[in-house]
Amino acid sequence: MTILPLSSTPGRNTPTQQSSSYFPSQDAGPTIGIPGQNGAFGRRKSDGGHGFGFGGSNSSSGRVHRGGINGGGVSNFVPLFLRRLFRFPHMDFQFALWQMVYLCISPRIVYRNIHYHKQTKNQWARDDPAFMVILSGLLGCSAVAWGLVYGHGMIGILRMILYMVFVDFVVIGVIVATVCWAIANRFLARASVYSTDQSVEWQYAFDIHCNAFMPVIVLLYIIQMVFMKILLKDVWVCTLLGNTLYMTAIVYYCYITFLGYNALPFLRHPEMFLYPITIFAIVYVIALILGINISSKVLFLYFG
């Protein structure tokens, strides 16, 4: 009587065969070349080969953080994110800079392979705070520059840094992200009996705000400062340029927000995040007709 080895027993798979058939191949799907990355959302050294650019929880920890409207998305995410906020050697600044560039010139590319990293990280949101750190640094530098332009002292510049980073970026971002997160989960999420993970993570909603805020920084915090003397002139052409600058920033913000929610396969009608553009377009036209320089008004309210 001959005893067959386990690997050749009919109807059975070896552990190796089972794992290869269960887990999706990391080489599957289209990729986009990224400097310093291995594939579209390549592995980072800091995560031991398990981290991906937009990734969520570290796959080596075995934890999955979910953020449905009734879930603990914020409470699960914030402690993990804060722990990594001061680990600068573990941050992938090169990939964050790549994302910032493409958010300004071709934002659709940033979200093109989002399903790939979702399969590898079990979460839509990024767990690497490098993007937020660089964004805060840009705001801090612009605050210093604005303070020097308006002749503020050291205390005034420090106050401006705190205001731009924590009010303009963080506080307003938390409010906008929470509203969009609630709307997406309450009105846009498709109910499915085949999947239990059909909700938007709050941290992903805040990621979308961070992405959408990048062109706003370039347009309103940098370009506006460079051309401030021209934009503030009491000439209709200068009013047109200033108002168009603000309108462009709003369109960019709404468009990138739409792209972020449109990338989620379980949301229907994400184009509703483009609707605010219509309201701002009406305000833009009325301001031009009445000769209201939005740039001048905002800077007066901001700096006095």
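In my numbering, the protein residues as written are 2 to 305.
C-beta: ideal position from N, C-alpha, C; glycine also.
In chain order, which continuous runs of the alpha helix (DSSP H) of length 4 or greater are located wholly inside the region 171 to 237? 173 to 184, 203 to 217, 229 to 232
Roughly how many whole angstroms lie between the Cα atoms of residue 228 and residue 135? 24 angstroms
Integer-rounded CB distance, given that residue 162 should sit under 8 angstroms from residue 141: 5 angstroms
Measuring CB to CB, does residue 184 end up less than 9 angstroms from residue 273? yes
Compare the C-alpha of residue 115 against each of 278, 284, 261 and name the closest. 261
Proximal residues to residue 294 (C-beta, below 6 angstroms), its chain only, five neighbours per side dropped: 240, 243
Which one of 121, 201, 145, 100 has the shortest CA to CA distance from residue 226? 145
Whole-number beta carbon distance between residue 190 and residue 210, since they are thought to touch under 8 angstroms: Not really, about 19 angstroms apart at Cβ, beyond 8 angstroms.
With DSSP as the reference, please indicate the residues paired to residue 268 in a beta bridge. 190
Simplified DSSP state of residue 294, which is helix, strand or coil: coil
Taking Cβ positions, are residue 139 and residue 222 nearer each other than 9 angstroms? yes
What's the C-alpha gap between residue 277 and residue 246? 17 angstroms
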